[in-house]
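Enquirer: Once you've had a glance at the structure underneath, I'll fire off some questions.
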Amino acid sequence: MNDTLFAEAVLGKDAEEFIASDLGRYLIGQADMEIEEAQEALCKVAPWRTRRIRELQNQIWRAQSFKGWLREMVTAGKAAVQVLEEHS
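Next up, the structure:
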């Protein structure tokens, strides 16, 4: 169990460092722009263009998922560190 917690703690720290890096900030910024652009297009698309609506919804989902995975890694890492500290 400690190996799993340690691995989660390391991944969480790696995710934090990635988010703070130039590459991380760039990719998160790209995800934010993709979300914003797709939301704007979604507001303007005709309701009968169901394929286009699905495409835009998928773009939003993909970008939000990317950001969510990073947040989840950071949160899991912090939780793992807390458990490890409590049991040491």
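Here the numbering used here runs 59 ahead of the position in the sequence shown, where the first position is 1. From the three backbone atoms N, C-alpha and C, an ideal C-beta is built for every residue, glycine too. These numbers come from a predicted model, not from an experiment.
Where Arg111 and Val104 are concerned, what is the direct C-alpha to C-alpha distance, given to the nearest angstrom?
Expert: 8 Å
Enquirer: Candidates Met60, Glu114, Thr63: which alpha carbon is nearest Glu93's?
Expert: Closest in C-alpha terms to Glu93, from the list Met60, Glu114, Thr63, comes Glu114.
Enquirer: Output yes or no for whether 8 Å exceeds the beta carbon distance between Leu143 and Phe65.
Expert: In terms of Cβ geometry, Leu143 and Phe65 form a close pair [threshold 8 Å].
Enquirer: Tell whether a beta-carbon distance below 8 Å holds between Gly71 and Ala139.
Expert: yes
Enquirer: Between Ala74 and Gly136, how many whole angstroms is the CB-CB distance? I'm expecting something under 8 Å.
Expert: 7 Å between Cβ atoms; contact.
Enquirer: Please confirm if Phe77 has its CB atom under 8 Å from at least one CB of chain C.
Expert: Although the question refers to chain C, the structure presented lacks it and comprises just one protein chain.
Enquirer: Beta-carbon separation of Gln89 and Ile119 under 8 Å?
Expert: no
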